[in-house]
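Protein chains in written order, with the numbering used here: chain A, 108 to 351; chain B, 108 to 351. Working notes, structure below.
Here you go:
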């Protein structure tokens, strides 16, 4: 049984405003929930149509399919929904290689980039305040548990860059030095921009090293690579240079 | 005005069976249609709520929003829908670097991989017959026009590999040689597998060179990279080795 107030709370968590107010976010599906349960995140409450997870009885709610449908954002709800506490944001660790996103809007792209950071050992992901919220349910789903292992911090990018003059800053642009020919340090801040407009003018002024993935096809019409694809190519090359 | 039979035809093209029978596929939205119009693909018919494109009057249908809604698969239809002819499949060009997909099911992944092939100058994409259809509307949308520049051919992968013993075959596996340390030719067939199960046993036996993207994070829990992400990293490294 799910009470009206629980339904109201859970469905409200699709909105960032409610997530911020309640310090909670939603995870749907057994696989996703298992991954977050295995981390140091704190479970708030769990709603399932079967007993699957070993969690304290006070937090577990056995519900029927009809109730699950009421609280799910999916057309085909997937057995389980959990609410977890959003952890406190610590001051970001600026050592090593850091990715900074300037206005990335698509939840799937952000989720994929978080997963790439996790794979390539990038511990800190800086996001401009107009980047999509990392606790958006679509981001959580696309990140496949990586969200618990990568520190995502929302802030104004310009002051971070200005206040840390010792950290090299690089950015990805359509017209820049060839990624495979340019010289650049393998650690520092790598900025990637918005899907349609790239890096903002304000931040661009603070990026001395402009890099680009060369195009190997002979077509003039090819769309630029999407920001998540570009992140994959850049992270591969940064780590190769550092390690091999 | 859209006739009942037109509505029936257009909506049926969401299904592969109908696309195969009618040799037609759908493109929605001004941007996507512009890209295909600029290629050598043949327009069958165009349905728009405004006069936007310069196409023969016999193929253009000016319709109202209500009619657009009837033929669109999108919740918020985007001004224009076009049907294009599916071109004849030629025998694949097996020169240079070729990507082969063994059972990729997600339309977004296939569309992204087609776009990556276009960017990195891969002219031929071989797909096992259980790979999602490249004229699926979601694939067409994700490929952003690249579908007109990359030859996608559906076939059984095993005979192609067996019948071309002179072509080096490499594959991406969770446990293989480190991509950045292994020696391999920069041309040949690179096989990538299904999202959940990887490369099938049958094809695996025919892949002598197993490659893997090393994990740089220290977590044991990280999910493997998704197949489109892996394609991005592999294509970057293959092209770097060949050219720089």
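We put the CB at the ideal spot given by N, CA and C, even for glycine.
Quick one: is residue 332 of chain B near chain A, going by C-beta distance under 8 Å? yes
Measure the alpha-carbon distance for residue 293 of chain B versus residue 345 of chain B and round it to whole angstroms. 5 Å
Identity of the residues DSSP links to residue 191 of chain B by a beta bridge: B/132 and B/150
Under 8 Å between C-beta atoms of residue 302 of chain B and residue 212 of chain B: yes
Compare the C-beta of residue 277 of chain B against all C-beta atoms of chain A and say whether one is closer than 8 Å. no
Chain B partners of residue 351 of chain A, CB-CB under 7 Å? 287 and 288
For residue 108 of chain B, which residues in chain A fall below 7 Å Cβ to Cβ? Neighbours of residue 108 of chain B on chain A: none; closest Cβ ~32 Å, over 7 Å.
Contact between the segment 201-208 of chain B and the segment 231-239 of chain B: three or more CB pairs below 8 Å? yes
Determine, using beta carbons only, whether residue 295 of chain B and residue 318 of chain B come nearer to each other than 8 Å. no
In whole angstroms, what separates the C-alpha of residue 314 of chain A from that of residue 278 of chain A? 6 Å
I'd like the span of the beta strand (DSSP E) that includes residue 280 of chain B, first residue to last. 276-285
Using only alpha-carbon positions, find the residue among B/159, B/126 and B/120 that is nearest to residue 141 of chain B. B/159
What residues of chain B sit near residue 57 of chain A, judged by a beta carbon separation below 8 Å? Residue 57 of chain A cannot be examined here, being either before or after the span of chain A that is shown, 108 to 351.
Cβ shell of residue 271 of chain A (< 7 Å), same chain only, five flanking positions each side left out: 201
Counted within 10 angstroms of its Cβ, other Cβ atoms place residue 305 of chain A as buried (16 or more) or exposed: buried
Note down, one range per segment and in chain order, each beta strand (DSSP E) of at least 3 residues found wholly within the segment 173-221 of chain B. 187-192 and 204-209
Residue 162 of chain B, enclosing beta strand (DSSP E) - first and last residue: That residue, residue 162 of chain B, is in no beta strand (DSSP E); it is neither H nor E in DSSP.
Does residue 175 of chain B get closer than 8 Å to chain A when you measure Cβ to Cβ? no
For residue 138 of chain A, which option in A/252, A/112 and A/193 has the closest C-alpha, if you only look at C-alpha atoms? A/252
Interface residues of chain B facing residue 181 of chain A [CB-CB closer than 7 Å]: None at all; the shortest Cβ gap to chain B is about 15 Å.
So who's on the other strand from residue 260 of chain A, going by DSSP bridges? A/233
Once the 5 residues before and after residue 149 of chain B are set aside, which same chain residues still bring their CB inside 6 Å of it? 192
To the nearest angstrom, how far is it from the Cα of residue 184 of chain A to the Cα of residue 266 of chain A? 43 Å
Exposed or buried, which one is residue 298 of chain B when buried takes at least 16 other CB atoms within 10 Å? buried
Could you check whether residue 244 of chain A and residue 114 of chain A sit closer than 8 Å to each other, using their CB atoms as the reference points? no
Assign residue 130 of chain A to one of two classes, buried (16 or more other C-beta atoms within 10 Å of its C-beta) or exposed (fewer than that). exposed
Which of helix, strand or coil does DSSP assign to residue 69 of chain A? A query on residue 69 of chain A cannot be resolved here, the shown segment of chain A reaching from 108 to 351 and no further.
Listed by chain order, chain B residues near residue 340 of chain A by CB distance under 7 Å: 339, 340 and 343
Which residues does DSSP list as the beta-bridge partners of residue 296 of chain A? A/205 and A/276
Sub-8 Å separation of residue 239 of chain A and residue 223 of chain A beta-carbons: no
Identified DSSP bridge partners for residue 301 of chain B: B/305
Please report how far the alpha carbon of residue 118 of chain B lies from the alpha carbon of residue 178 of chain B, in whole angstroms. 6 Å
Quick check: what's the CA-CA separation for residue 256 of chain A versus residue 189 of chain B? 44 Å
Determine, using beta carbons only, whether residue 322 of chain A comes closer than 8 Å to chain B. yes
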